[in-house]
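So the sequences go chain by chain: A and B.
Going by our numbering, the final residue of the first sequence carries number 262, and the count climbs one at a time with no gaps.
Going by our numbering, the final residue of the second sequence carries number 650, and the count climbs one at a time with no gaps.
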Amino acid sequence: MNILVFVKQVPDTETRIQIQNGAVDTASVKWVANPYDEFAIEEALRIRERLGAGKVTVLSLGPDRVKEAIKYGLSLGADEGVQVKGEGVALDDPLSVATVLAAAATKAGFDLILAGKQAVDMDHAQTGVMLAELLDVPHVSVVVGLELDPAAKTGSAKREVEGGAETVTFDLPAMITTQKGLNEPRYASLKGIMAVKKKTIAEWTLADLGVDPASVAPAAARLRTLEASPPPPRPAGKLLEGEPAEIAKELVRLLREEAKVI
Amino acid sequence: MEKFDGVDYMEIDGLFSEEEILIRDTARKFVQDRLIPIIEKHSREGTFPKDLVPEIAELGFLGANLEGYGCAGLNNVAYGLIMQELERGDSGFRSFVSVQGALCMWPIYAYGNEEQKKKYLPGMAAGKLIGCFGLTEADFGSNPSGMLTNARKDGNSYILNGSKMWITNGGIADLAIVWAKLDGRIRGFIVEKGTPGYSTSDIHGKFSLRASVTSELAFQDCRIPAENLLPNADGLKGPLGCLNQARYGIAWGGIGAAMACYHEALEYAKTRIQFDRPIASFQMVQEKLAWMIREITKGQLLALQVGRLKDQGKAKAHHISMAKMNNVDVGLQCARLGRAILGANGITDEYQCGRHMCNLESVYTYEGTHDIHTLIIGEAITGIAAYK
Ligand SMILES: Cc1cc2nc3c(=O)[nH]c(=O)nc-3n(C[C@H](O)[C@H](O)[C@H](O)COP(=O)(O)OP(=O)(O)OC[C@H]3O[C@@H](n4cnc5c(N)ncnc54)[C@H](O)[C@@H]3O)c2cc1C
Numbered sequence: 001m002n003i004l005v006f007v008k009q010v011p012d013t014e015t016r017i018q019i020q021n022g023a024v025d026t027a028s029v030k031w032v033a034n035p036y037d038e039f040a041i042e043e044a045l046r047i048r049e050r051l052g053a054g055k056v057t058v059l060s061l062g063p064d065r066v067k068e069a070i071k072y073g074l075s076l077g078a079d080e081g082v083q084v085k086g087e088g089v090a091l092d093d094p095l096s097v098a099t100v101l102a103a104a105a106t107k108a109g110f111d112l113i114l115a116g117k118q119a120v121d122m123d124h125a126q127t128g129v130m131l132a133e134l135l136d137v138p139h140v141s142v143v144v145g146l147e148l149d150p151a152a153k154t155g156s157a158k159r160e161v162e163g164g165a166e167t168v169t170f171d172l173p174a175m176i177t178t179q180k181g182l183n184e185p186r187y188a189s190l191k192g193i194m195a196v197k198k199k200t201i202a203e204w205t206l207a208d209l210g211v212d213p214a215s216v217a218p219a220a221a222r223l224r225t226l227e228a229s230p231p232p233p234r235p236a237g238k239l240l241e242g243e244p245a246e247i248a249k250e251l252v253r254l255l256r257e258e259a260k261v262i
Numbered sequence: 263m264e265k266f267d268g269v270d271y272m273e274i275d276g277l278f279s280e281e282e283i284l285i286r287d288t289a290r291k292f293v294q295d296r297l298i299p300i301i302e303k304h305s306r307e308g309t310f311p312k313d314l315v316p317e318i319a320e321l322g323f324l325g326a327n328l329e330g331y332g333c334a335g336l337n338n339v340a341y342g343l344i345m346q347e348l349e350r351g352d353s354g355f356r357s358f359v360s361v362q363g364a365l366c367m368w369p370i371y372a373y374g375n376e377e378q379k380k381k382y383l384p385g386m387a388a389g390k391l392i393g394c395f396g397l398t399e400a401d402f403g404s405n406p407s408g409m410l411t412n413a414r415k416d417g418n419s420y421i422l423n424g425s426k427m428w429i430t431n432g433g434i435a436d437l438a439i440v441w442a443k444l445d446g447r448i449r450g451f452i453v454e455k456g457t458p459g460y461s462t463s464d465i466h467g468k469f470s471l472r473a474s475v476t477s478e479l480a481f482q483d484c485r486i487p488a489e490n491l492l493p494n495a496d497g498l499k500g501p502l503g504c505l506n507q508a509r510y511g512i513a514w515g516g517i518g519a520a521m522a523c524y525h526e527a528l529e530y531a532k533t534r535i536q537f538d539r540p541i542a543s544f545q546m547v548q549e550k551l552a553w554m555i556r557e558i559t560k561g562q563l564l565a566l567q568v569g570r571l572k573d574q575g576k577a578k579a580h581h582i583s584m585a586k587m588n589n590v591d592v593g594l595q596c597a598r599l600g601r602a603i604l605g606a607n608g609i610t611d612e613y614q615c616g617r618h619m620c621n622l623e624s625v626y627t628y629e630g631t632h633d634i635h636t637l638i639i640g641e642a643i644t645g646i647a648a649y650k
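Here's what the structure looks like:
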């Protein structure tokens, strides 16, 4: 089974985001692999281990720094890595990204594609499903359980829905987006880390993928980021004084009239 | 607790390779997720978190800087970074890993024959065989060459008599590396658990390294097969060679504990309000924090330089002495200062500084006391040994 895992490199959630000239200042960012993608990598590795055969390839679109996220996947046990060079691609636009990734998936060949349900930076939750549509393969999103029958070329995926769970069956090849709860991602072992330098990371350009650069350029993007701004500073709290009964009355009045929450 | 994201005032991360950083981050994550949530309870109850042994073995942390026999084959800097992170969690847990790797696997690796290596190292790397290292005796601590434990040859066996004190992992060990005098020379022996005449009893009432087992070992006409002698260690330099390995790791560990205390004290100082201001705004608190980060930064560079020297085969015992004594001292001072910044909260086990402080009292004493290392440095620079 040939499994592709798409991994996005995102700012560590601990990073204090700085805004400069209306855009996120990436120089101050500590980059990590998107946490939801870690479930995808783990699931791919477990499928390979269960079947005792197969190949797991980690792909990431972006500048050279994304190689770190790919290496992280390799250190966990993925077999190969691919960096799709991101220059000139509207990386904020899910459809542009999905277009490039779909071409990469076609070039790589696959039985299964896994990716996190969303990236924790932009939270669009669109790329995985768009990519599946572009490839014209079945997709199941926000998956917490996955079983495959490679011989029959089918699978079933569990999703959590309001007040219960549903199980969806699908044919392979397919695209699955992963949700917390699917598995418990492993730590990179020292052997895994030491093995990274023996593994290769291929570099693919848009030309290699046959993607017209103009079609995925910022000018053609359906979604454009006009400006980023930090949330307004939180106003100072208000301290009420007096007898408990008075304070309670005043609090209710403020919640109703000023805060308008009750 | 605030997530720990490393302490790096001087962009020291830039001095590490990408691989070294990945290795450190794996250890950091493990400590954050697996060790820190449970360590306080183990420390309080005086129990060793044995459940974590298979996990660290799986990750490759046991004997990580040894080559082959199921070991990861890391360089010494990467190995040191693991020790740093483990001790950021707890000195007792780091002690387990040091004893297993540096004091038990290393002598088998360095002084053992091929059969001994094949018999023990893979199981020890896998965490299935736990080791302990018996050098110190009740009456011979800083002066181990006076030891009374002895061995005599009897046909195809050796017969051991004597006892060892303050032995980390003693009560949970499957095998002991025991140093004893054979015809007046210090030699190393492998004694397996269950050998008649070998018994252990744990030491209780400790206020330090409570999450680590410390025991007494007793040998009473304990007969072991002749092939359990480590062939390539003869004299005090045998055990001292092991201590150099462990002390090197402790040099990183001391900084790890210091980082934990600094991080905790800094976060606390920024949020604790007194006189309507965060206590971090007071000069005397800043002075403490500035001292901590200054010493941590120097300690990082010291450990790193010794590590690079060790990788080039150039680290001398007196280099390692300086790094061990300095960095453990920094750890201990940071724990005390951190504890003071935490005020009353600092005396409870809701916070880590107190535990680190108590732990580091042991680390200050074992593997060569702070003062003995001072005298080793003194000997290196004056040519005069003041301690013997
Ligand atoms: C928790 C713990 C775990 C340990 N684990 C192990 C283990 O696994 N294996 C093992 O073999 N040992 C172990 N030890 C023992 C440890 O190595 C010894 O405690 C240490 O070597 C000091 O010996 P001592 O306690 O007998 O102190 P002493 O040697 O009696 O020293 C007491 C004091 O006198 C000072 N002193 C002694 N001689 C001199 C001198 N010549 N000049 C100046 N000052 C001097 C010392 O610096 C110290 O301050 C452990 C100890 C502890 C506390």
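Ideal Cβ positions, reconstructed from N, Cα and C, are used throughout, including at glycine.
Since the structure is predicted, the reported quantities are computational estimates derived from the model, not experimental observations.
Heavy atom of ligand 1 within 6 Å of ASN510/B beta-carbon: According to the sequence shown, residue 510/B is Tyr rather than Asn. TYR510/B Cβ: outside cutoff for every heavy atom of ligand 1.
Extent of the continuous beta strand (DSSP E) run through LYS191/A: Segment 190–195 is the alpha helix (DSSP H) holding LYS191/A; no beta strand (DSSP E) there.
Given GLU87/A as reference, the closest of ASP12/A, ALA174/A, TRP204/A, THR167/A once Cα atoms are compared: Put simply, of ASP12/A, ALA174/A, TRP204/A, THR167/A the residue whose alpha carbon is nearest the alpha carbon of GLU87/A is TRP204/A.
Min CB distance LYS191/A to chain B below 7 Å: For LYS191/A, the answer is yes, since a Cβ of chain B falls inside 7 Å of its Cβ.
Residue-level contact to chain A via CB, ASP267/B, 7 Å cutoff: So, interface residue.
Identity of the residue in LEU437/B, MET427/B, GLU399/B nearest GLN378/B by Cα: Cα-wise, what sits closest to GLN378/B is LEU437/B.
Close-in-space but distant-in-sequence residues of the same chain around SER337/B (CB under 6 Å, 5 per side omitted): Here the sequence assigns Asn to residue 337/B, which means Ser is not the residue at that position. Excluding its 5 nearest sequence neighbours in each direction, ASN337/B has C-beta neighbours in its own chain below 6 Å: ASP573, listed in chain order.
Terminal residues of the alpha helix (DSSP H) in which ILE656/B lies: Coverage of chain B is limited to positions 263 through 650, which leaves residue 656/B absent and any answer about it impossible.
7 Å Cβ cutoff met for VAL56/A and ALA78/A: Yes, these two residues count as a Cβ contact at 7 Å.
Any C-beta of chain B under 7 Å from that of TYR187/A: Nearest CB-CB separation between TYR187/A and chain B: below the 7 Å threshold.
Cβ neighbour criterion (16 or more within 10 Å) applied to ILE535/B: Exposed, by the Cβ-count rule.
LEU239/A versus PHE110/A, GLU250/A, PRO232/A, PRO230/A, residue with shortest Cα-Cα distance: When C-alpha distances from LEU239/A are compared across PHE110/A, GLU250/A, PRO232/A, PRO230/A, the shortest belongs to GLU250/A.
Residues of the segment 51–79 of chain A whose Cβ lies closer than 9 Å to any Cβ of chain B, in chain order: Cβ contacts with chain B: GLU68, LYS71, TYR72, SER75.
Contacts around THR398/B, its chain only, beta-carbon distance under 6 Å, and the 5 residues preceding and following it disregarded: Around THR398/B: MET427, TRP428.
Distance cut-off 6 Å: PHE395/B Cβ against heavy atoms of ligand 1: Flag set: Cβ of PHE395/B near ligand 1.
Within-7 Å CB hit, GLY433/B to chain A: No, its Cβ sits nowhere closer than 7 Å to a Cβ of chain A.
Start-end ranges of the beta strand (DSSP E) lying completely within the segment 143–172 of chain A, minimum 3 residues: DSSP runs (the beta strand (DSSP E)) wholly in the segment 143–172 of chain A: 154–161, 164–171.
Heavy atom of ligand 1 within 6 Å of TYR187/A beta-carbon: Incorrect: TYR187/A has no Cβ contact closer than 6 Å to ligand 1.
Beta carbon proximity, GLU14/A to chain B, threshold 7 Å: So, interface residue.
8 Å contact criterion, which ASN621/B and LEU471/B should meet: CB distance rounded: Indeed they touch by this definition, with Cβ atoms about 5 Å apart.
Rounded Cβ spacing between ALA647/B and ILE582/B (contact assumed at less than 8 Å): Rounded to the nearest angstrom, the Cβ distance from ALA647/B to ILE582/B is 17 Å, too far for a contact under 8 Å.
8 Å Cβ shell around LEU637/B - same chain, five flanking residues per side excluded: Close CB contacts of LEU637/B within its chain, under the 8 Å cut and outside five residues either way in sequence, are with ALA647, ALA648, TYR649 (chain order).
Near ligand 1: LEU471/B beta-carbon under 6 Å from a heavy atom: Relative to ligand 1, the beta carbon of LEU471/B is positioned inside 6 Å of a heavy atom.
Counted within 10 angstroms of its Cβ, other Cβ atoms place MET175/A as buried (16 or more) or exposed: That one is buried.
Range of the contiguous alpha helix (DSSP H) that encloses ILE452/B: Taken as a continuous stretch (DSSP letters only), ILE452/B belongs to no alpha helix (DSSP H), being part of the beta strand (DSSP E) at 447–454.
Neighbour flag for GLY322/B against chain A, beta carbons, 7 Å: It does; some Cβ of chain A falls within 7 Å.
LEU422/B, enclosing beta strand (DSSP E) - first and last residue: 419–430 is the extent of the beta strand (DSSP E) around LEU422/B.
Distance cut-off 6 Å: TYR259/B Cβ against heavy atoms of ligand 1: With chain B covering 263 to 650 only, the question about residue 259/B has no answer from this structure.
Chain A contact residues for LYS291/B, given Cβ-Cβ distances below 8 Å: Within chain A, the residues whose beta carbon sits less than 8 Å from that of LYS291/B are TYR187, listed in sequence order.
Whole-Å CB distance - ARG356/B paired with MET345/B, under 8 Å assumed: With 8 Å as the limit, ARG356/B and MET345/B qualify as a contact, their Cβ atoms being about 6 Å apart.
Residues of the segment 612–635 of chain B whose Cβ lies closer than 9 Å to any Cβ of chain A, in chain order: If the cut-off is 9 Å between Cβ atoms, the segment 612–635 of chain B has nothing near chain A.
Contact set for PHE375/B: own chain, Cβ-Cβ below 7 Å, skip 5 residues either direction: One detail in the question is off: residue 375/B reads as Asn in this sequence, not Phe. Counting only Cβ-Cβ distances below 7 Å, and skipping sequence neighbours, we find PRO493.
Chain-ordered neighbours of MET194/A on chain B, where CB pairs are closer than 8 Å: By Cβ distance, chain B contributes GLU281, ALA334, GLY335, LEU336.
Where VAL211/A falls, given that 16 or more other Cβ within 10 Å makes a residue buried: Buried, by the Cβ-count rule.
Which of helix, strand or coil DSSP assigns to PHE110/A: In this structure, DSSP gives PHE110/A a state outside helix and strand, which the three-state scheme calls coil.
PHE6/A, enclosing alpha helix (DSSP H) - first and last residue: Going by DSSP, PHE6/A is part of no alpha helix (DSSP H) but of the beta strand (DSSP E) stretching over 2–6.
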